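Here my numbering is used: the first residue of the sequence shown is 2, the next is one more, and so on. Since the structure comes first, as structure tokens, the remarks are kept for the end.
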Amino acid sequence: MEAYFIFTLSITLSLLAYKQTKIDFFLFIPFLIAAVFAGLRYDVGIDYQSYVDNFNYILKGYPSDFEFINKLIIELIHSVGGDVQVYFMFCAVLTNFFVYHFIKKHSQSVITSSVLYFFITFFFFASLNGVRQYLAIAIFLFSLRYILSKEIYKYAFIIVCASLFHTSAILFLPLYFIIGRKYSTVELCMYGGLAFVFLVIALQYLAGMLFHTSYLTQVNQTTPRALLIGFSFINIYLIFLVKNTSKEVNLFRNLLFISLVLIILVLFYPQFSMGLMRLNGYFLFALIPMLSYLPKHQKIKMRRVSIILPIITVSYLYFFYIIAFKGEQYNLVPYTLYLGWF
Numbered sequence: 002m003e004a005y006f007i008f009t010l011s012i013t014l015s016l017l018a019y020k021q022t023k024i025d026f027f028l029f030i031p032f033l034i035a036a037v038f039a040g041l042r043y044d045v046g047i048d049y050q051s052y053v054d055n056f057n058y059i060l061k062g063y064p065s066d067f068e069f070i071n072k073l074i075i076e077l078i079h080s081v082g083g084d085v086q087v088y089f090m091f092c093a094v095l096t097n098f099f100v101y102h103f104i105k106k107h108s109q110s111v112i113t114s115s116v117l118y119f120f121i122t123f124f125f126f127a128s129l130n131g132v133r134q135y136l137a138i139a140i141f142l143f144s145l146r147y148i149l150s151k152e153i154y155k156y157a158f159i160i161v162c163a164s165l166f167h168t169s170a171i172l173f174l175p176l177y178f179i180i181g182r183k184y185s186t187v188e189l190c191m192y193g194g195l196a197f198v199f200l201v202i203a204l205q206y207l208a209g210m211l212f213h214t215s216y217l218t219q220v221n222q223t224t225p226r227a228l229l230i231g232f233s234f235i236n237i238y239l240i241f242l243v244k245n246t247s248k249e250v251n252l253f254r255n256l257l258f259i260s261l262v263l264i265i266l267v268l269f270y271p272q273f274s275m276g277l278m279r280l281n282g283y284f285l286f287a288l289i290p291m292l293s294y295l296p297k298h299q300k301i302k303m304r305r306v307s308i309i310l311p312i313i314t315v316s317y318l319y320f321f322y323i324i325a326f327k328g329e330q331y332n333l334v335p336y337t338l339y340l341g342w343f
């Protein structure tokens, strides 16, 4: 528990320093802390051991589901005397670098968005499990700026780069033509309803193509049904009660609508919940900037402090609840520091 207290305190102090000085260095420091925290962990995270095993399988020439670029990076790390922790550190640094630039670019309250990223465990702490996918998600988030600026070739290039780390990212090439459009509420509900009906019918046939075989029958035990319903209500509030007055609000509103459809699908198909929630990781990140837009853009007028303070408070409380009561289940507790480099 001490490691999580130090993690929380150091990030909080850095964000407070940024609030007082507006010096970008203090905003970047928490992301550097997070990268080191993720890179130097030992046997922390549900997927930790599977990454260790795959690292060793690749070096021995055994079959692995890892993408070619990941295999190449692992071979390069090994060639210079590095171990699996170097791979974890490499992925953690890149992931947090791209998320930092995503928040810096799109958030209207970078402190609020940073707190959400670090302490709502679906974001930073989820990246301790799906290491490759969350690196791909971070690169995807970086690419969204090119949808707003209508630079299709740059967007496509970044998405292809993301897919080199996790092939799921290639599915989002067509999003360029979808999520940048402005839809009326009627259009959004109509297209979303049609997509939902299609997926309800077709998912049992498409699942084998969309998801890894290990996700086809594995129910997601880390996302309770009540939490899914809670996310649904938050998404609905942000989609329909935030004024669609800018390109960024519109973009993240559309992403959240896709997230909502996927969450409802989980309720219909719990046997595919692992795959659907992994896929939803790309879209759920839209909560981070969208919640920062509430003080300025929501239709119900409220004081800024009465919006931001509860968001930050709930984020901290939720984090400590997860660590205290779910930490062992998610293999977050105890946190063990890797000392092999020292």
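Ideal placement from N, C-alpha and C gives every residue a C-beta, glycine not left out. Source: prediction; values computed, not measured.
The beta carbon of F99 sits closer than 6 Å to those of A139, I140 and F143, all from its chain and outside the five residues before and after it, given in chain order. Secondary structure note for V94: its alpha helix (DSSP H) is the uninterrupted segment V85 to H107. For V116, the secondary structure class from DSSP, reduced to helix, strand or coil, is helix.
Looking at the backbone, the Cα of F158 and that of Q109 are separated by about 27 Å. When beta bridges are read from the DSSP output, V243 appears opposite Q299. In this structure N251 is in contact with K183, their Cβ atoms being roughly 5 Å apart against a cut-off of 8 Å.
The alpha helix (DSSP H) runs of length 4 or more contained entirely in the region 241-275 are, from start to end of the chain, 248-269. Ranked by Cα distance from Y317, the first of T13, C162 and K20 is T13.
Per DSSP, the continuous alpha helix (DSSP H) segment holding M291 begins and ends at L288 to S293.
Apart from the 5 residues on each side of it in sequence, V94 sits with its Cβ closer than 8 Å to the Cβ of A36 and G40 in its chain, given in chain order. Closest in C-alpha terms to C162, from the list L277, K302, L340 and E68, comes E68. For G40, the enclosing alpha helix (DSSP H) has its first and last residue at D25 to G40. If you check the CB distance, G282 and F123 come in under 9 Å. Distance from the CA of F326 to the CA of S233, rounded to the nearest whole angstrom, comes to 24 Å.
Note on geometry: alpha-carbon atoms of H298 and F91 lie some 38 Å from one another. The shortest C-alpha to C-alpha distance from P290 to any of L257, Y322 and G194 is the one to L257. With a 10 Å radius around the Cβ and a threshold of 16 neighbouring Cβ atoms, F8 comes out buried. For Q134, the closest alpha carbon among the candidates F321, L280 and F320 is that of L280. If you draw a straight line from the Cα of R304 to the Cα of F126, it comes to about 31 Å.
Cβ-Cβ distances below 7 Å link Y294 to Q109, V243 and V250 in the same chain, with the five nearest sequence neighbours on each side left out; the list follows chain order.
In this structure, L261 keeps its C-beta atom at 9 Å or more from the C-beta atom of G181. In this structure V53 does not touch V81 by the C-beta definition: roughly 19 Å separates them, more than the 8 Å allowed. The residues L268, in chain order, have a CB closer than 8 Å to that of R226 in the same chain once the five nearest residues on each side in sequence are set aside. Between the beta-carbon of V334 and that of M2 there is about 7 Å, and that keeps the pair under the 8 Å contact cut.
DSSP, read as helix, strand or coil, puts L340 in coil. With 16 or more other CB atoms across the displayed protein chains lying within 10 angstroms of its CB, P31 is buried. Check the Cα spacing between L200 and each of Y270, N236, E152 and Y156: the tightest is with Y270. The Cβ atoms of T96 and L136 sit closer than 9 Å to each other.
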